[in-house]
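Below: the structure, in structure tokens.
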Amino acid sequence: MTVILWIIIALAAGAALTIMLTGFGKANKKPVLKKTPARYVTVTSNEEIQSFMDVYNLEWKPDREKTPELPPEIEKVISGIENISPLITELSSKLNDPDINPKDISKIIIQDQGLTSFILRRVNSPYYGLLQKVDNIFNAIVILGYNEIYRIVMEERTRKIGIQPDKAEWVHANLTSNIAAYLTSVSRLNVPGGTMVTLGMLHDIARNIMYRSLPQPEGGFSIDPRQHLKQEIDFYGIDHATLGGILAQRWSMPGRLVSCIARHHWPMFWPLRDLAQSNNDIIKELSILAISDIAAKNFTQEITGPYIGDDYYRFINKPPRMDSILIPEITRDLRRIRKVTIDSEETSDIIEQAV
Ligand SMILES: [Fe+2]
Ligand SMILES: [Fe+2]
33 MTVILWIIIA
43 LAAGAALTIM
53 LTGFGKANKK
63 PVLKKTPARY
73 VTVTSNEEIQ
83 SFMDVYNLEW
93 KPDREKTPEL
103 PPEIEKVISG
113 IENISPLITE
123 LSSKLNDPDI
133 NPKDISKIII
143 QDQGLTSFIL
153 RRVNSPYYGL
163 LQKVDNIFNA
173 IVILGYNEIY
183 RIVMEERTRK
193 IGIQPDKAEW
203 VHANLTSNIA
213 AYLTSVSRLN
223 VPGGTMVTLG
233 MLHDIARNIM
243 YRSLPQPEGG
253 FSIDPRQHLK
263 QEIDFYGIDH
273 ATLGGILAQR
283 WSMPGRLVSC
293 IARHHWPMFW
303 PLRDLAQSNN
313 DIIKELSILA
323 ISDIAAKNFT
333 QEITGPYIGD
343 DYYRFINKPP
353 RMDSILIPEI
363 TRDLRRIRKV
373 TIDSEETSDI
383 IEQAV
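In the numbering used here, each residue's number is its place in the sequence shown (first place is 1) plus 32.
Here's what the structure looks like:
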């Protein structure tokens, strides 16, 4: 009897202990630490991390540590190019200034007669389809906006030193610059607008020089932008981004512009977190530029898809989809630009006539 009693007592104690422990366990269960994710990493599951990191699993990447060297034949080509006008840097920084006004900008431009007439011819060309004739730079700025006038200035200044884009290059630069201006305003990253417009127009400037002055590989270049970069290095010993950086440096452009031009394809190769560590001062500009570049190529259907990891898209506050970037708000302007390549001779001639 005593044994049975003891067994009952032991069982009851065990059950009580189990309840206590379970309850205790619940009370003490540590809440899952919801670490505030870094601004640029908002992934929610390991699977998602894996899928966006896969983008960076590449067989080949450029050598980030290598000090760029100029192959002699390329040195020969670029040593013949004059310095670009300091007006570019001057206007770029003026456009970054929140107190900018059309009077100041037109005062700077009208000092150069050739530039003034180039702008007025372009503004009055059928390309813009303005109903009234514009006869002064002040009105041109008021009607088309600072960015558009500044793009024309950059075009005129690069042509002046012998860098003439073909239609496809012209379209790509203008599309990238327009998309970059839009992303700058909606990303709320506090990136200077003038700098982004400049980068959009000039990021591929060396590509133009390389393809004009040097032989092309048999079978041409790959459509894939990463593969393309590798081919340039294999074929020329240097890629167009690195060469563009060298040129910009020789032209005494600000260091941040130089670095952005030289590294504009890096976001296709390394995650944001990684690049941000060594390029903290330019990571915002670099992210907007790289995405604008890819979006421009999607718009002209040269490539399809985001090409850059979701981390960069999230950083600039956009979902990683082209339809979230190429939205109706900007596509009207983008279509007008693209018309130059796909449309009749008529529109294409407009660009050429104006020079
Ligand atoms: Fe490029
Ligand atoms: Fe580009």
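Beta carbons are placed, not taken as given, at the ideal position from N, Cα and C, and that holds for glycine.
Those residues, in chain order, that have a beta-carbon closer than 5 Å to some heavy atom of ligand 2: Those residues, listed in chain order, are Asp236 and Asp325.
What's the call for Trp92, buried or exposed, on a 16-neighbour Cβ count within 10 Å? So Trp92 counts as exposed.
Could you have a look at Phe301 and say whether DSSP puts it in helix, strand or coil? Looking at Phe301 - three-state DSSP - the assignment turns out to be coil, as it is neither helix nor strand.
What is the DSSP secondary structure of Tyr159, counted as helix, strand or coil? Coil.
Any heavy atom of ligand 1 closer than 7 Å to the CB of Arg244? No, since every heavy atom of ligand 1 falls outside the 7 Å radius drawn around the Cβ of Arg244.
Exposed or buried, what is Thr274 when buried is set at 16 or more other beta-carbons lying within 10 Å of its beta-carbon? By the neighbour-count definition (other C-beta atoms within 10 Å, threshold 16), Thr274 is a buried residue.
So the candidates are Ser310, Arg153 and Pro338; which of them puts its Cα closest to the Cα of Asp167? The candidate whose alpha carbon is nearest that of Asp167 is Arg153.
Less than 8 Å between the beta carbons of Val203 and Arg368, yes or no? Val203 places its beta carbon 8 Å or farther from that of Arg368.
What does the alpha-carbon distance come out to for the pair Gln309 and Ile116? Cα to Cα, Gln309 sits roughly 32 Å from Ile116.
Counting beta carbon pairs with one atom in the segment 182-189 and one in the segment 226-240, are three or more of them shorter than 8 Å? Yes, they touch.
Less than 7 Å separating the Cβ of Ala273 from some heavy atom of ligand 1? Yes, the beta carbon of Ala273 sits closer than 7 Å to at least one heavy atom of ligand 1.
Going along the chain, which residues of its own chain have a beta-carbon closer than 7 Å to the beta-carbon of Lys135, five neighbours each way excluded? Sequence-distant Cβ neighbours of Lys135 in its own chain, meaning closer than 7 Å and more than five residues away, are Phe170.
C-beta contact flag for Asn210 and Asp86 at 8 Å: Here Asn210 is not near Asp86, since their CB atoms are 8 Å or more apart.
Beta-carbon spacing of Pro94, Asp271 below 8 Å: The answer is yes: Cβ separation under 8 Å.
Can you tell me whether Arg239 sits near ligand 1, meaning its C-beta is under 7 Å from at least one heavy atom of the ligand? Arg239: yes, Cβ under 7 Å from ligand 1.
How big is the Cα-Cα spacing for Val75 and Thr208? Because the pLDDT of Val75 is 46, which lies under 50, any placement of that residue in the model is unreliable, and the question is left without a value.
Hey, quick one: how far does the alpha helix (DSSP H) through Gln196 stretch, first residue to last? Judged by DSSP secondary structure, Gln196 falls outside any alpha helix (DSSP H); it is assigned neither H nor E.
Does DSSP put Thr332 in a helix, in a strand, or in coil? Coil.
List the endpoints of the continuous alpha helix (DSSP H) containing Leu279. Boundaries of the alpha helix (DSSP H) around Leu279: His272 to Arg282.
C-alpha distance - Ser219 paired with Gly146, whole-angstrom precision: Using only the alpha carbons, I get a separation of about 37 Å.
Classification of Asp350 by the beta-carbon crowding that lies within 10 angstroms, buried from 16 upward: Reading off the sequence, residue 350 comes out as Lys, not Asp. That one is buried.
I'd like the list of long-range same chain contacts for Asp129, defined as Cβ closer than 6 Å, with 5 residues on each side in sequence excluded. Closer than 6 Å at Cβ, skipping near neighbours: no residue.
Taking the alpha helix (DSSP H) that Asp250 falls in, what are its first and last residues? It should be noted that the sequence gives Glu, not Asp, for residue 250. Premise fails: Glu250 is in no alpha helix (DSSP H) and is neither H nor E.
Indicate the three-state DSSP secondary structure (helix, strand or coil) for Thr208 in the structure shown. Note: Thr208 maps to helix in three-state DSSP.
In three-state DSSP terms, what is Gly337? It is coil, neither helix nor strand.
Quick check: what's the CA-CA separation for Thr373 versus Ala200? If I take the Cα positions, the gap works out to 6 Å.
Could you compute how far the alpha carbon of Met354 sits from the alpha carbon of Tyr159? Across the structure, Met354 and Tyr159 are spaced so that their CA atoms are roughly 26 Å apart.
Please return the same chain residues whose Cβ sits closer than 8 Å to the Cβ of Ala322, not counting the five positions on each side in sequence. Answer for Ala322: His296, His297, Trp298, Pro299, Met300, Ile340 and Tyr344, listed in chain order.
Start-to-end residues for the alpha helix (DSSP H) that takes in Tyr345: Annotation for Tyr345: the continuous alpha helix (DSSP H) segment containing it runs Asp342 to Phe347.
Assigned secondary structure, Lys371 (DSSP; H/G/I helix, E/B strand, else coil): Lys371: helix per DSSP, three-state reduction.
How would you call Gly277, buried or exposed, if buried means at least 16 neighbouring beta carbons within 10 angstroms? Under the 10 Å beta carbon count, Gly277 is surrounded by 16 or more other beta carbons and is classified as buried.
Could you check what DSSP says for Gln164 in three-state terms: helix, strand or coil? Note: Gln164 maps to coil in three-state DSSP.
Would DSSP call Arg171 helix, strand or coil? This sequence places Asn at residue 171; Arg is not what is there. Reduced to three states, the DSSP call for Asn171 is helix.
Comparing alpha-carbon positions, which option in Phe267, Lys108 and Pro303 lies nearest Glu250? The option with the nearest alpha carbon to Glu250 is Phe267.
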